[in-house]
Amino acid sequence: MTQSNNQSSSRRDFLKVTTATAVGTSILSTLGSSAHVYANGDDKIKVGLVGCGGRGTGAASQALSTKGNIKLEAMADAYRDRMDKSLSNLQKQFSGEPEKVDVAEEKKFVGFDAYQKLLDSGVDVVILATPPGFRPIHFEAAVEKGKHVFMEKPVATDVPGVRKVLEAAEKAKEKKLAVGVGLQRHHQANYIETINRLKDGAIGDITSMRCYWNSGGVWEPRLAREDAKSEMDYQMRNWYYYNWLCGDHINEQHIHNIDVCNWVKDAFPVQAYGMGGRQVRTDKKYGEIYDHFAVEFVYEDGTRLYSQCRHIRNCWNSVTEHAQGTKGFCDISGAKYETTGGYKWRYRGKKTNPYQVEHDDLFAAIRQGTPYNEAEYGAKSTMTSILGRLATYSGKPVTWDEAMASNVSLMPKEFSWEGQPVTVPDENGYYPIPMPGITKVL
Amino acid sequence: MQAKTALLAILCCSSSVAFAADPSEAKTEKEMKPYTQKITNTDVSFDMVPIPGGEFVMGSPADEKNREEDEGPQVKVKIEPFWMGKHEVTWNEYDIWSFNLDIQRRKLMRLKSDDKEKAADAVTRPTKPYTDMTFDMGHDGYPAICMTQLAAKTYCKWLSEKTGHYYRLPTEAEWEYACRAGTTTAYSFGDNPAKMDDYAWHYANCNDTYQKVGQKKPNPFGLYDMHGNVSEWVLDQYIPDAYKKWSGKGTVEFPISPTTPEKLYPRVVRGGSWDDDPEALRSANRIASSADWKIQDPQIPQSIWYHTDAIFVGFRVVRPLKVPTAEERKKYNLDPVIPADEGR
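Top to bottom, those sequences are chains A and B. Position 79 (the first sequence) corresponds to 79 in UniProt numbering; numbering is contiguous. Position 341 (the second sequence) corresponds to 341 in UniProt numbering; numbering is contiguous.
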């Protein structure tokens, strides 16, 4: 036997990580003054991480695993303990190449303004991976300072945030800054191949789509009320359960599936109808978010997308996307389709780790100076999720245009541990829960 | 008064009859019978099959087709009697532990919890999975997959507290003994892979997904899906030349390569899966886990409970007739040890 033979039990060429050459077009663009080109791998790229949770740490690790000379030089987080843990995990991860994780004490920044200090610390690329509510502010500032950006999805939690990201995305283009967004399915070989085939008419015209993020839910609240230093501290540590930070689970997780359908359609919905509520996560510790949504999105050509997301245990689970066409049906996530004529296709290519490839692609573009900007579709798919939430919370149809005009902000006025979030609990610790038919969302 | 006495008599009578007939309370090998284990405060149960003690030759002969070097040299092994799960552990069973469904139901039904329940509740349960771990391949009646070996071991610990019977993963030797069920051929149904479709779900017949447990023919011990469907965790660290150190020493009793929390990979799964070709389903074939099994876990630290990419790995439980002592459990690392920096 060979060791390698036994190490992967699957018959298929299992998850061979592709190299950084994945970017198809490498035509060098005319370069603006603000964007530096790292034309050969010897030029060191200095990375700063803003938001040092599990995903931010993972993103940093993937960035550091791209081809070429690269180094994590600065870190920022609201909490010192999160940052220390993240750093020690990365050091463990790169114990063979310690020069890649070299964060001096003076390049560790803590607090609500830590991102600003990090942006001033001389890094070339920033990874934005805090809870999504902060993304618009951080992205705007990063573009302002001329930094290349990798930002996690979703890119906002409210409409003013989406608009801010769209404006900054334009500025990033002008400045020739590369921007990657963590909607990694766009970098996953089976999705790319399947969706290309759909666009080539594999199942005719798309007449409807379905997508789901039905699962058992995420982590339990981490910080108990009695251990919180303030309301702000309590909500920040338990960020998934508060809308200004997370945007509800339709925004935080289900965006992946909605985004895939937008990608198939090459369009964004013009209207949404929704229903949902809190069926099992009713305890006050679960903040203010719902545990299920069912939303019907309408595209301009009348095509409908039926979307569900649910955080309830022991139910039918599915995290998938599907398309119905005039000539067949496609299981997009399963990377297979069948035509009415009986032709069956299934993706048989190499599997890749999309979390790595999205960084390989971004950093290859940065090194080559290739135009690269995922912020616009990232922002509009975020907006689609928010549109679904607004329709669900209100119980009324909401159009894209009226939502996009909304000035309803979920963000606190003051970012400090003493600052008050927009929603605060009553004397018994319960938060106001959006009520369809009553709650005004625009 | 009379009615009350009568009622008491019935109660006493029925309970003592139930006790005497309860095959799960067997004390000797002779008394061991198949039994159904109910999981309290749920509608879920699973079947256990007695596996008689005995001796067998572990590993494959040098002339077995598709044999790999780590399957030898063959070793003579003595196995103590145990019960083994008739089927791979299903999601119906596994999710009770991982999603606290028993606790949730107990609260809904306004039921009290007894000492066993309290002990079971105290066992660590996993963090919730980031995404749907069935990968939409089916839930009710399908084998649970994608758990780490630690998760499988912790499930067994929970199950032990919950039922009052000692359950654990099989050792690699016990697994192979149970799989062979007295046979010495490549598969428990002979050497001919052409008969495979009667006994196993494998790459060519599974339609790219795992299948409900128990649909194919069982092996001579009455165990289903030992070949194929999902590969099954055993207790051992994977050591390629493990058999070398056991060979030439006569009959080995309780061979095992204990794991340590520091060395996560490789560990052993057995039996091959729906995603494998017939040669991987041979009784002697050994499969080693690797870090690739969670390559798509986007977080750091990665989950200690889920293998995001091991959609071909499950497990089944055993219950040794002789419950190990605390020293034996420690010596062989039979208990789950959660790493200190688990990072939840």
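Positions of the beta carbon are idealized from the N, C-alpha and C atoms, including for glycine.
Option in the options with minimal Cα separation from residue i
| i | options | result |
| --- | --- | --- |
| residue 148 of chain A | A:101, A:63, A:85 | A:63 |
| residue 199 of chain B | B:228, B:297, B:173 | B:228 |
| residue 164 of chain B | B:310, B:91, B:260, B:118 | B:118 |
| residue 184 of chain B | B:276, B:207, B:57 | B:57 |
| residue 329 of chain B | B:66, B:166, B:101, B:270 | B:166 |
| residue 183 of chain A | A:141, A:355, A:399, A:241 | A:355 |
| residue 323 of chain B | B:36, B:54, B:83, B:74 | B:83 |
| residue 359 of chain A | A:48, A:111, A:67 | A:67 |
| residue 102 of chain B | B:77, B:120, B:90, B:86 | B:120 |
| residue 294 of chain A | A:283, A:223, A:312, A:274 | A:274 |
| residue 347 of chain B | B:326, B:312, B:247, B:292 | Because chain B here runs from 1 to 344, residue 347 of chain B falls outside it and cannot be looked at. |
| residue 411 of chain A | A:157, A:327, A:362 | A:157 |
| residue 228 of chain A | A:429, A:434, A:369 | A:429 |
| residue 81 of chain B | B:27, B:338, B:334 | B:27 |
| residue 126 of chain B | B:155, B:106, B:109, B:138 | B:155 |
| residue 75 of chain B | B:244, B:295, B:124 | B:244 |
| residue 338 of chain A | A:375, A:324, A:351, A:349 | A:324 |
| residue 217 of chain B | B:157, B:179, B:71 | B:179 |
| residue 204 of chain B | B:54, B:274, B:68, B:123 | B:274 |
| residue 253 of chain A | A:203, A:308, A:271 | A:308 |
| residue 140 of chain B | B:202, B:96, B:124, B:122 | B:96 |
| residue 263 of chain B | B:181, B:333, B:210 | B:333 |
| residue 327 of chain A | A:199, A:388, A:371 | A:199 |
| residue 301 of chain B | A:87, A:49, A:271, A:48 | A:87 |
Contact under 7 Å by Cβ, residue i with residue j
| i | j | result |
| --- | --- | --- |
| residue 310 of chain A | residue 292 of chain A | yes |
| residue 152 of chain B | residue 315 of chain B | yes |
| residue 196 of chain B | residue 320 of chain B | no |
| residue 74 of chain A | residue 107 of chain A | yes |
| residue 59 of chain B | residue 284 of chain B | yes |
| residue 320 of chain A | residue 136 of chain B | yes |
| residue 299 of chain B | residue 54 of chain A | yes |
| residue 306 of chain B | residue 212 of chain B | no |
| residue 145 of chain B | residue 304 of chain B | no |
| residue 218 of chain A | residue 128 of chain B | yes |
| residue 172 of chain B | residue 268 of chain B | yes |
| residue 124 of chain A | residue 46 of chain A | yes |
| residue 194 of chain A | residue 332 of chain A | yes |
| residue 337 of chain B | residue 170 of chain B | no |
| residue 93 of chain A | residue 61 of chain A | yes |
| residue 444 of chain A | residue 129 of chain A | Residue 444 of chain A lies beyond the residue range present for chain A, which begins at 1 and ends at 442; the question has no answer from this structure. |
| residue 447 of chain A | residue 373 of chain A | Limits of chain A in this structure are 1 at one end and 442 at the other, which puts residue 447 of chain A out of reach. |
| residue 117 of chain A | residue 71 of chain A | no |
| residue 436 of chain A | residue 395 of chain A | yes |
| residue 169 of chain A | residue 376 of chain A | yes |
| residue 99 of chain B | residue 314 of chain A | yes |
| residue 335 of chain A | residue 190 of chain A | yes |
Residue i: contacting residues in chain C (beta-carbon distance under 9 Å)
| i | result |
| --- | --- |
| residue 57 of chain A | No chain C is part of this structure, whose protein chains are labelled A and B. |
Supposed close pair residue i, residue j - CB separation, criterion 8 Å
| i | j | result |
| --- | --- | --- |
| residue 160 of chain A | residue 409 of chain A | 5 Å |
| residue 23 of chain B | residue 35 of chain B | 4 Å |
| residue 431 of chain A | residue 288 of chain A | 4 Å |
| residue 136 of chain A | residue 154 of chain A | That pair is no contact at about 10 Å. |
| residue 391 of chain A | residue 398 of chain A | 5 Å |
| residue 88 of chain B | residue 225 of chain B | 6 Å |
| residue 189 of chain B | residue 49 of chain B | Incorrect: roughly 17 Å between the Cβ atoms, too far for contact. |
| residue 175 of chain A | residue 140 of chain A | The pair is not a contact, with the Cβ atoms about 13 Å apart (cut-off 8 Å). |
| residue 234 of chain B | residue 282 of chain B | That belief does not hold up - the Cβ atoms of residue 234 of chain B and residue 282 of chain B are roughly 15 Å apart, past 8 Å. |
Proximity test, residue i beta-carbon vs the ligand GDP heavy atom, cut-off 6 Å
| i | result |
| --- | --- |
| residue 327 of chain A | In terms of ligand content, the structure shown is empty, and the ligand GDP therefore cannot be addressed. |
Would you check if the stretch 249-256 of chain B and the stretch 30-46 of chain B touch, i.e. whether three or more CB-CB distances between them fall below 8 Å? no
At least 3 beta-carbon pairs within less than 8 Å: the stretch 375-394 of chain A vs the stretch 249-260 of chain A: yes
Counting Cβ pairs, one atom from each stretch, are 3 or more of them under 8 Å apart for the stretch 101-116 of chain B and the stretch 288-295 of chain B? no
Take every Cβ of the stretch 221-241 of chain A, pair it with every Cβ of the stretch 342-355 of chain A, and state whether three or more of those distances are shorter than 8 Å. no
How about the stretch 123-137 of chain B and the stretch 224-233 of chain A: do they share at least three Cβ pairs that are nearer than 8 Å? no
For the structure I just gave you, are there three or more beta carbon pairs, one from the stretch 97-117 of chain A and one from the stretch 75-85 of chain A, closer than 8 Å? yes
Only counting runs of 4 or more residues, tell me where the alpha helix (DSSP H) segments fall wholly within the stretch 286-338 of chain B, in order along the chain. 326-331
Measuring CB atoms only, is the stretch 263-272 of chain A touching the stretch 415-426 of chain A, in the sense that at least three cross pairs come out at less than 8 Å? no
What are the start and end residues of each continuous alpha helix (DSSP H) run of 4 or more residues lying completely inside the stretch 124-158 of chain A, in chain order? 135-144
What beta strand (DSSP E) runs, 3 residues minimum, are completely inside the stretch 188-271 of chain A? 206-215
Could you name each continuous alpha helix (DSSP H) segment of 4 residues or more that falls completely within the stretch 171-231 of chain B, going from the start of the chain to the end? 172-180, 196-199
Whole alpha helix (DSSP H) elements within the stretch 68-126 of chain B, 4-residue minimum: 91-98, 101-108, 115-121
Which full runs of the beta strand (DSSP E) of 3+ residues lie inside the stretch 240-294 of chain B, going along the chain? 267-270, 286-288
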